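Student: Just so you know, the sequence shown maps onto residues 1 to 66 in UniProt numbering.
C-beta: ideal position from N, C-alpha, C; glycine also.
Bear in mind the structure is a predicted one, so any value in this text is a computation, not a measurement.
First, the structure itself, so that you have it in front of you.
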Amino acid sequence: MYRDYIDPKFTWKNFNLEEQAKVIVAPRSNNELDAAKLKKEFPELLPVKESPIKYVFKPNQKTSMT
1 MYRDYIDPKF
11 TWKNFNLEEQ
21 AKVIVAPRSN
31 NELDAAKLKK
41 EFPELLPVKE
51 SPIKYVFKPN
61 QKTSMT
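Structure below.
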């Protein structure tokens, strides 16, 4: 998303598991929160991928979307 909206020339280098272990205490965990109660209480709540686009990337957009 960052490259799509802010800097198309941005690059990054992935790190291996040994490098990750030096920085992160716990091993990787992909947990999913049940947001049913939040959605019921706040029906206008955006999905996790749409929210940063609307509130972070689009307001700071520096590239043209074609």
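Can you give the Cα-Cα distance for residue 24 and residue 18, rounded to whole angstroms?
Tutor: Distance between the alpha carbons of residue 24 and residue 18: 10 Å.
Student: Below 8 Å on the Cβ atoms is my contact criterion, and I expect residue 5 with residue 58 to pass it. Report the Cβ-Cβ distance as a whole number of Å.
Tutor: Indeed, because the Cβ distance is near 7 Å, the residues count as touching under 8 Å.
Student: Tell me which same chain residues have a C-beta within less than 7 Å of the C-beta of residue 73, skipping the five on either side of it?
Tutor: Nothing in the structure corresponds to residue 73, since the chain is present only between 1 and 66.
Student: So, are the CB atoms of residue 45 and residue 39 less than 7 Å apart?
Tutor: Taking 7 Å as the Cβ cut-off, residue 45 and residue 39 qualify as a contacting pair.
Student: Suppose you measure from the CA of residue 13 to the CA of residue 35; what does that come to, to the nearest Å?
Tutor: Straight-line Cα distance between these residues: approximately 33 Å.
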